[in-house]
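Worksheet: one structure, shown below.
Chains as they are written, first to last, in my numbering: chain G, 418 to 536; chain W, 367 to 848; chain Z, 250 to 681.
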């Protein structure tokens, strides 16, 4: 039996949720005060995901970097792989919001898109 | 062989340099830091004392009163901010009255003009926010506030304009008294940046002055760095008091002053803590507490609106007075040592006095083309709308605001960097223009000032420092370490 | 130059105010922005979490700003960039507000504005406000300065970082610095609770194993030239460091995230009445300051935690400014006025007065509490009668609260009263 302690982020209350797990399966969720907490806790312990926001280098622009994000969530444990993979990407100015910087980042099957308009 | 070598580009060294630059002499100022005004001169009360405090007959008394008069004139000819706001020494209990009367008498003997005692009612009228416990005060109308940075900078710039060489990042390591083939005494200086031979040494090295004195003399000096901590408050509370409020020393110790600064902030300080580390300009929780709690005794309510706190070191010599003059057993070696309060006020008078000694020793001729005046950096914050429009018309960079809190423009910053003895560091720009001195303390303008410095100095942004070697800001790019 | 409406600041508040004023039919609008682009601080807030209320999707800061900038461009609302307003004054006889500004193209110029919206935003509290002892070397940055360096310039302000203050920018920067290759050792917070949003604590600190030290502060900064380390100590209930709890952290950078202060230099020059609690102007239900036709919105009015609330507030200000312009000759209002008083844990409200005649059918009153409260009631009284009692699981200083006042309900209570001045009290109460 594995016990996981979480702070719910679905609303400002911030319930302390306790999840009991066995062989990777959720056995019980306690401490939440609404169904959203249960849903958060269950996805957080089985397949936690995050959107990664970072920067890539920009050539010939008014700034040397431009902001990007993963166009969807990536597995939480892949966050640092994503930013490391971004290190090798350089875009040519100008760039617009929504431009694709990478089709599949760090093997996550998720695109990386530009989030600023930079001339 | 140089004629004169001055150790230290603080306010004393710079004042001496400026006075000596009136003569045809080869003069060099050696400074261990990267700019003028980097030691005691940059971290003090910024007060121009009227001169009632020092014991009659002391050098402190003499040069204070003389210096006060000179600053009134020099602030105009050398264009640095000075305001004669007057000082009040408060007696916070009836027992203090005797002390106030003693100060009045002392001041009169020192030749301080227009001193008088004001009673509670008049005091309240002069300073509505003065503490209710104040029973009376000594009023010194010739007391004032000055920008300690720009006074120092003005002296140095004017000296440089008149031919004095300034060598920064040059730390004196040893001084040797020698006799030349002509039988005349000279001094050999080893520094971190080459060696120098010089007829005259002026020792204006602040908390290090005893070190250099003791290299050439058997009559030893001993200087204790005395730390003073300060809190600087927001301009919105700068009008809390109009005069500089001193406290009569009590059994609790020397008082904490509360004053408007010449730029309109409110300041409280200093503490007096002896230390044995001449580089220890750190503040402490106890020290800042003392400043705020004891400062609060002078006013009905001291607002807690500190925007920055800092500490400076005063050079306190064991004898308690300034040590100024040629050393008996080291002819041509002139001390300006133990320059603690009222050193800032006294500096121009010390400059005149030491220049006199040098003149008697070397008999130089007076420069015919001496440049008497110096123009400061225009200030958009203080300019009228007409002046602002004219400045922008002449140079559009004066419309581009870099420091929003203090309204300092790119034009002013460029001026500060490109002028005589221009700024080479972020702090150098700050002291010359006030960029970064406001309530956000450079949160916004730092990143905009660095590129201007880099451009004008022909350096990369990574090479731009806060205040000399090792004080770097940005290093490397994002993801370098991934 | 004459203008009906001058908006000072082209950040989220100024943009939303402009768009809303145009939607109300106002032609003559000018936005004055001091930076080189519109969008304000959002341009450097490249993290996501913006727009959930306004656009029902999660956007990054620059994306959120772009939505409004596009509307400003589409509506052809004029704006000046790189232009600094240096002064505003008020002429009581004409009602005109004289705005003095400067830029490199036009030099110094003045605009006579019939109405003005103050939308200058806020700035960060500096180190001095905390009186942190120690040396003053390079390497101490406000979190926002570090954010600018990293996100706009692509440069690293340091490699080994301690953060003081758990405001949202500090939390966000903990993650940003980690993503870009720095090591964040810890976040110290003087208070026993964080000033930031829960999800930022989880996603910016917990995700990366960065400890959050509550009731801790920096008691010493080492390094004469560049930061070499900081000493952190635990504090007691009076926020005083507890001797013996000091721990030294070797680092080259200290980031400060100790709160934001509305930037009201110009408001003070103009002479509007200020609220010492918020640091912003005192406003009525229309977000109008003490000077007729001058409105304030966004972080210059009071510091918000969500940009969506800024946009909402600014839209109201824009709408109200147009209403003012259309009925400028309307007689002085002498109807019922509700003064809002806060007590028992509620620090302030925006607005602080409500003129019933100008009140919309429902009015949002925003406020913050001064402490962390759990399982309390939020009680609202009008002229002594209870108007509402809302059970609250959690209220914290870091999260803005709001109540909705219903005009008809308020009218019902005050209709019988002889007095024209009424008092609304908002307070935190224990549950029975």
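All residues carry an ideal CB built from backbone N, CA and C; glycine is no exception.
Predicted model, so just to flag it, every value in this text is computed and none were measured.
Answer with yes or no whether the minimum CB distance from residue i to chain Z is below 8 Å.
i: residue 508 (chain G); result: no
i: residue 528 (chain G); result: no
i: residue 349 (chain W); result: Given a span of 367 to 848 for chain W in the structure shown, any question on residue 349 (chain W) remains unanswerable.
i: residue 676 (chain W); result: yes
i: residue 467 (chain G); result: yes
i: residue 474 (chain G); result: yes
i: residue 534 (chain G); result: yes
i: residue 524 (chain G); result: no
i: residue 645 (chain W); result: yes
Just reading off the beta strand (DSSP E) that residue i is part of, what are its end residues?
i: residue 432 (chain Z); result: 432-438
i: residue 627 (chain Z); result: 622-631
i: residue 465 (chain Z); result: 465-471
i: residue 437 (chain G); result: 433-439
i: residue 689 (chain W); result: 689-693
i: residue 536 (chain Z); result: First-last for residue 536 (chain Z): undefined, no H or E at that position.
i: residue 333 (chain Z); result: 333-339
i: residue 586 (chain W); result: Run containing residue 586 (chain W): none; DSSP gives neither H nor E here.
i: residue 635 (chain Z); result: 634-644
Checking the sheet assignment: what are the DSSP bridge partners for residue i?
i: residue 651 (chain Z); result: Z:615
i: residue 524 (chain Z); result: Answer by DSSP bridge pairing: none, since residue 524 (chain Z) is not bridged.
i: residue 592 (chain Z); result: Z:676
i: residue 627 (chain W); result: According to DSSP, residue 627 (chain W) bridges with nothing at all.
i: residue 534 (chain G); result: Answer is none; residue 534 (chain G) lacks a bridge partner.
i: residue 506 (chain W); result: W:453
i: residue 474 (chain G); result: G:482 and G:507
So residue i contacts chain W; which residues on that side make the cut at Cβ distance below 8 Å?
i: residue 373 (chain Z); result: 806 and 809
i: residue 482 (chain G); result: 844
Hey, is residue i's beta-carbon within less than 8 Å of any beta-carbon in chain W?
i: residue 501 (chain G); result: yes
i: residue 487 (chain Z); result: no
i: residue 384 (chain Z); result: yes
i: residue 394 (chain Z); result: yes
i: residue 387 (chain Z); result: yes
Take the Cβ of residue i as the centre, count every other Cβ of all protein chains shown within 10 Å, and call the residue buried at 16 or more, exposed below.
i: residue 549 (chain Z); result: buried
i: residue 433 (chain Z); result: buried
i: residue 420 (chain G); result: exposed
i: residue 376 (chain Z); result: buried
i: residue 451 (chain G); result: exposed
i: residue 343 (chain Z); result: exposed
i: residue 535 (chain Z); result: buried
i: residue 807 (chain W); result: buried
i: residue 588 (chain W); result: exposed
I want to verify the contact list: residues of chain G whose CB lies under 7 Å from the CB of residue i, in sequence order.
i: residue 428 (chain Z); result: 471 and 500
i: residue 848 (chain W); result: 500, 501 and 504
Output yes if chain G places a C-beta closer than 8 Å to the C-beta of residue i; else output no.
i: residue 501 (chain Z); result: no
i: residue 608 (chain Z); result: no
i: residue 660 (chain Z); result: no
Mind checking which residues open and close the alpha helix (DSSP H) that includes residue i?
i: residue 438 (chain W); result: 425-443
i: residue 660 (chain W); result: 651-661
i: residue 578 (chain W); result: 575-582
i: residue 418 (chain Z); result: 417-428
i: residue 498 (chain G); result: 496-503
i: residue 559 (chain Z); result: 556-575
i: residue 410 (chain Z); result: Where residue 410 (chain Z) is concerned, there is no enclosing alpha helix (DSSP H), although the beta strand (DSSP E) it sits in stretches over 409-413.
For a contact meaning CB atoms closer than 8 Å, what does residue i contact in chain Z?
i: residue 779 (chain W); result: Near residue 779 (chain W) there are no residues of chain Z at all, since even the closest Cβ is about 15 Å away, more than 8 Å.
i: residue 447 (chain G); result: None at all; the shortest Cβ gap to chain Z is about 17 Å.
How would you list, in chain order, the residues of chain Z whose beta-carbon sits under 9 Å from the beta-carbon of residue i?
i: residue 495 (chain G); result: Those within 9 Å of residue 495 (chain G) in chain Z number zero; the least Cβ separation is about 12 Å.
i: residue 413 (chain W); result: By Cβ distance, chain Z contributes nothing, its closest Cβ being about 21 Å from residue 413 (chain W), past 9 Å.
i: residue 598 (chain W); result: 377
Given that residue i touches chain Z, what residues does it touch there, using C-beta distances under 7 Å?
i: residue 486 (chain G); result: 297 and 309
Report yes if the C-beta of residue i is less than 7 Å from at least one heavy atom of the ligand FMN; otherwise report no.
i: residue 254 (chain Z); result: Among the components of this structure there are no ligands whatsoever, and the ligand FMN is therefore not found.
Which residues in chain W sit within 7 Å of residue i, going by Cβ to Cβ distance?
i: residue 391 (chain Z); result: 809
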